[in-house]
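Asks: Can you keep this structure in mind? I'll have questions shortly.
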Amino acid sequence: MGIAPDSKASTESMYNAALALGIANQLTNILRDVGEDARRGRIYLPMDELAQAGLTEEDIFRGKVTDKWRRFMKGQIRRARLFFDEAEKGVAHLDSASRWPVLASLWLYRQILDAIEANDYNNFTKRAYVGKAKKLLSLPVAYARATVAS
Numbered sequence: 001m002g003i004a005p006d007s008k009a010s011t012e013s014m015y016n017a018a019l020a021l022g023i024a025n026q027l028t029n030i031l032r033d034v035g036e037d038a039r040r041g042r043i044y045l046p047m048d049e050l051a052q053a054g055l056t057e058e059d060i061f062r063g064k065v066t067d068k069w070r071r072f073m074k075g076q077i078r079r080a081r082l083f084f085d086e087a088e089k090g091v092a093h094l095d096s097a098s099r100w101p102v103l104a105s106l107w108l109y110r111q112i113l114d115a116i117e118a119n120d121y122n123n124f125t126k127r128a129y130v131g132k133a134k135k136l137l138s139l140p141v142a143y144a145r146a147t148v149a150s
């Protein structure tokens with residue numbers, strides 16, 4: 001995978017786009033797995049931001065969806081989407097063989113955030129996932145978009 005030979009993008013901007021995708025994907029994984037991690041006695045959420053939202057470790061281990069939790073999650077999802085947006089800017093500058101898999105993974109991970117929202121931010125007892133049908137529908141769209149970007 002690499003930068004398209006005719007791309008005007010700098011190596012630094014491509015590095016930043018790749019880094020943004022990695023952060024977005026990891027943050028999405030963390031948000032998706034809050035309940036599973038809590039059941040194992042782990043919290044990977046930023047403790048300072050939980051405190052700013054008026055939430056504690058006990059709130060996470062208790063696993064109740066409250067208005068405070070929803071506000072916190074909305075902010076975290078907004079952050080993840082900003083990273084996805086930053087990452088997507090780099091896709092057009094990838095070589096043609098790299099565009100489709102990168103764009104497909106980006107879109108599929110974004111849909112996990114949609115699923116968290118659809119579950120009313122209950123990532124304590126409901127696992128947010130992208131169903132097989134949605135995945136299969138997303139792939140040709142990502143492919144078309146990736147080939148148009150060339």
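full-length UniProt numbering puts the first residue of the sequence shown at 1, with every later residue one more than the last.
We treat Cβ as the ideally placed atom computed from N, Cα and C, and that holds for glycine.
Is the separation between the beta-carbon of D59 and that of Y44 shorter than 9 Å?
Replies: Position 59 of the sequence shown, counted from the start, is the residue given in the question as residue 59. Position 44 of the sequence shown, counted from the start, is the residue given in the question as residue 44. No, they are not a contact pair.
Asks: If we ignore side chains and look at the alpha-carbon of each, how far apart do I112 and A87 end up?
Replies: Position 112 of the sequence shown, counted from the first residue, corresponds to residue 112. Position 87 of the sequence shown, counted from the first residue, corresponds to residue 87. In a straight line, the C-alpha of I112 is about 16 Å away from that of A87.
Asks: Quick one: is A51 buried, meaning 16 or more other Cβ sit within 10 Å of its Cβ, or exposed?
Replies: Locating residue 51 in the sequence shown gives position 51, where the first residue counts as 1. Looking at its Cβ environment, which holds fewer than 16 other Cβ atoms inside 10 Å, A51 is exposed.
Asks: Quick check on the burial criterion: 16 or more other C-beta atoms within 10 angstroms. Buried or exposed for F72?
Replies: As a first step, residue 72 is located in the sequence shown; it is residue number 72 there, counting from the start. F72 is buried by the Cβ-count criterion.
Asks: Give the single residue among L94, R79, E36 whose Cα lies nearest to the Cα of P46.
Replies: Here residue 46 is taken as the residue at index 46 of the sequence shown, counted from 1. Minimum Cα distance to P46 is reached at R79.
Asks: Counting C-beta neighbours from all protein chains within 10 Å, is the total for A133 16 or more, i.e. buried, or is it exposed?
Replies: As a position in the sequence shown, residue 133 is number 133, starting the count at 1. Exposed, by the Cβ-count rule.
Asks: Would L108 and V130 be called neighbours here (beta carbons separated by less than 9 Å)?
Replies: The residue given as residue 108 occupies position 108 in the sequence shown. The residue given as residue 130 occupies position 130 in the sequence shown. The answer is yes: Cβ separation under 9 Å.
Asks: Taking all protein chains shown into account, decide if T66 is buried (16 or more other Cβ within 10 angstroms of its Cβ) or exposed.
Replies: Counted from its first residue, the sequence shown places residue 66 at position 66. By the neighbour-count rule (16 or more Cβ atoms within 10 Å), T66 is not buried but exposed.
Asks: Return the CA-CA distance between V102 and G22, expressed in angstroms with no decimal places.
Replies: Mapped onto the sequence shown, residue 102 falls at position 102. Mapped onto the sequence shown, residue 22 falls at position 22. Straight-line Cα distance between these residues: approximately 11 Å.
Asks: In chain order, what residues of the same chain have a beta carbon less than 7 Å from the beta carbon of D120, not counting five sequence neighbours either side?
Replies: Taking the first residue of the sequence shown as 1, we reach residue 120 at position 120. V65.
Asks: By the three-class DSSP mapping on this structure, what secondary structure does L55 have?
Replies: The count along the sequence shown starts at 1 and reaches residue 55 at position 55. Three-state result, L55: coil.
Asks: Please classify L27: is it buried, with 16 or more other beta-carbons within 10 angstroms of its beta-carbon, or exposed?
Replies: For this step, residue 27 is matched to residue 27 along the sequence shown. So L27 ends up on the buried side.
Asks: Among R127, A142, K135, P140, which one has its Cα closest to the Cα of E36?
Replies: Numbered from its first residue, the sequence shown carries residue 36 at position 36. Of the candidates R127, A142, K135, P140, the one whose C-alpha sits nearest the C-alpha of E36 is R127.
Asks: Using only CA atoms, which one of F83, L82, G54 lies nearest to W69?
Replies: The residue given as residue 69 occupies position 69 in the sequence shown. Ranking the options by Cα distance to W69, first place goes to G54.
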